[in-house]
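Okay, so here's the structure we're looking at.
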Amino acid sequence: MANTTKHDLIADVSKCTGLTQADTKIVVEELLETIAAILEDGKNIEIRGFGTFYTKVRKPRPARNPKTGEVVPLFKRIVPLFKYSSELKKRVTDSLLERNLHPQI
């Protein structure tokens, strides 16, 4: 199953809304930029029925370079995450199973 790129997303939204691809590109890029800016401010974004974008602090820990076996420190960091809603999970699961597109379970 191939990935959908930002370009594909813009084309699909443009087709559904009747907006030009140029206008849709502006909207999609601004939406993504706004999501990133809100996360940079340390805030969560909850979209009911879809999911929540949030950040999480990862504790420092030792890691191992798989090539050399050398232990290297991973420092404390903050990472962006996405938690899907139960509605999105059900919709995707039901659709994929109905169309037999889901990888072997």
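Residue numbers (my numbering): 193 to 297.
Ideal Cβ positions, reconstructed from N, Cα and C, are used throughout, including at glycine.
Quick check: the Cα distance between residue i and residue j, rounded to an integer number of angstroms?
i, j, result
"Asn292", "Ile227", "33 angstroms"
"Thr244", "Thr209", "24 angstroms"
"Pro252", "Ile270", "11 angstroms"
"Val205", "Leu231", "24 angstroms"
"Pro254", "Val220", "38 angstroms"
"Gln213", "Asn257", "44 angstroms"
"Ile239", "Lys259", "41 angstroms"
"Leu288", "Leu211", "29 angstroms"
"Glu225", "Asp233", "12 angstroms"
"Asp215", "Glu222", "11 angstroms"
In terms of residues, what are the limits of the alpha helix (DSSP H) holding residue i?
i, result
"Thr209", "198-209"
"Thr212", "Segment: none, Thr212 is in no alpha helix (DSSP H) and carries neither H nor E."
"Arg283", "278-290"
Which whole-angstrom value is the C-beta distance of residue i and residue j, which I expect to be below 8 angstroms?
i, j, result
"Ile202", "Lys217", "5 angstroms"
| request: Tell me the start and end of each unbroken beta strand (DSSP E) in the segment 221-276 that is at least 3 residues and wholly inside, in chain order. | output: Within the segment 221-276, complete beta strand (DSSP E) segments of at least 3 residues are found at 237-239, 243-250, 253-256, 263-266, 269-276, given in chain order.
| message | Under 8 angstroms: do the segment 260-279 and the segment 233-249 share three or more Cβ pairs, one atom per stretch? | response | yes
| Validate contact between the segment 234-244 and the segment 276-289 using beta carbons, cut 8 angstroms, 3 pairs | Segment contact: the segment 234-244 against the segment 276-289, three or more CB-CB distances shorter than 8 angstroms; contact assigned.
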